[in-house]
Each structure stands twice: as C-alpha cells, then as structure tokens.
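In the working numbering, the protein residues as written are 19 to 212.
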C-alpha cells in the first residue's frame, strides 16, 4: 500500500512538472508573435504589419505583407498541413541555441507525389545591427526539402528575430538548390511599435 502512495505522489509531481513545462512553452510561443500594430519596413520596401495572435488560435500569428494577409504558425511558417507543422514547431520552444526539430509535412491532396521535410534549428543568440537599429536576436535556420518524384529541391533560409519582441529583423537565403524563386534577402529598415 505504501508503494502505491509514493507512486501517485511521483506521478502527481511529474504531471505538475509537465503542466509547468507546457505553460512555459505556451508563454514562449505567445511572446514570439509581435504585438498588434507593430510595422516593419524592409530594405526591399516591403511592409509587414503584425496583427497579433489569432483570437481562436494563439499559435497563429496574423500579419499582412504589403497589405496581403498572411498567417504564420509561431511567426515562422505558413500552414500547409497545420497539425503536422505544429508538432514540429512546438519542439523549438522555448527557444534556446542548438535546439533543432525535424519532421515530415504531408501535403493535402498531393498523395505520395510530393513530400516535404521541415528542418528548423535555433543556431545561436546574436547581436546584429540593421538599418532599424541593433537587436539581440535568435538566429533560426529553416531548411525545407521538397521531394517531387525523384527530384529533391532544398533551400536554407536564415532568419533573425528580435528576442524581446519576436519581430523578424533580417532574412537571408544561403542555399537555393532548385527551389524556385524565393523572396530576396532583406533587413528591417524601420520599425514602428504601438
């Protein structure tokens, strides 16, 4: 009988620790979506306006890019297969250097013809200077691979996010192996906050 009592105490403590970890993860994800009203003008002239998290889905960061609405899971990736992507992206939070996550993302309606593997890694904490100022950032590498039959296309995109606000302040593509047209490299030229 004593054994069972200790077992439940250990189980309760472990469950409490998991709940605390989950709460910490949710808070880290919520903090990574910039405040509504934050506007970033890039060196390419693009204007990104953050609208805050979606009311019915706090993991979805609402924003516009040149007045076109876009929603990004965790302020990182457009949802193609949201359930699979959520599992992959949640593993990054809370952010810390060296944390890496990999997973397959099914493409709805594509059957086995198209396969996507997402790889994301928090490379480092880094202080960078861009035209909008100097920021303490998380440098995150996003490298999806797309297999279409026998052909594999891969890219490596580096993104720097302000640690204090979650605002993307720089983006660079370092590898583009048959991936098609990608957005140009850019830096934040001006940031306004609410």
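The C-beta atom is built at its ideal place from N, Cα and C for all residues, glycine as well.
- Residue pairing for residue 69: DSSP places it in no beta bridge.
- Boundaries around residue 76 are those of the beta strand (DSSP E), 75–83, since no alpha helix (DSSP H) includes it.
- In the three-state scheme derived from DSSP, where H, G and I count as helix and E and B as strand, residue 185 is classed as coil.
- Residue 64 carries a coil assignment under DSSP once its states are collapsed to helix, strand and coil.
- Distance from residue 72 to residue 89 at the Cβ level is roughly 7 Å; contact confirmed, criterion being Cβ atoms closer than 8 Å.
- The distance from the Cβ of residue 113 to that of residue 46 is about 7 Å, consistent with a contact at the 8 Å cut-off.
- Per DSSP, residue 176 is one residue of the beta strand (DSSP E) stretching across 169–180.
- Annotation: residue 100 is outside any beta strand (DSSP E); the continuous alpha helix (DSSP H) that includes it extends over 100–108.
- The C-alpha of residue 124 is placed about 27 Å away from the C-alpha of residue 178.
- Bounds of the beta strand (DSSP E) holding residue 151 are 151–160.
- Residues of the same chain with a CB within less than 6 Å of the CB of residue 119, apart from the 5 flanking positions on each side, are 106, 109, 110 and 138 in chain order.
- Bridge partners of residue 163 according to DSSP: 135 and 172.
- Judged by DSSP secondary structure, residue 208 falls within the beta strand (DSSP E) whose first and last residues are 204–210.
- Put simply, the stretch 140–153 touches the stretch 201–209. At least three CB pairs are less than 8 Å apart.
- The beta carbons of residue 152 and residue 181 sit no closer together than 8 Å.
- DSSP places residue 117 outside both helix and strand once states are collapsed to three, so it counts as coil.
- A Cβ-Cβ contact shorter than 8 Å links residue 142 with residue 115.
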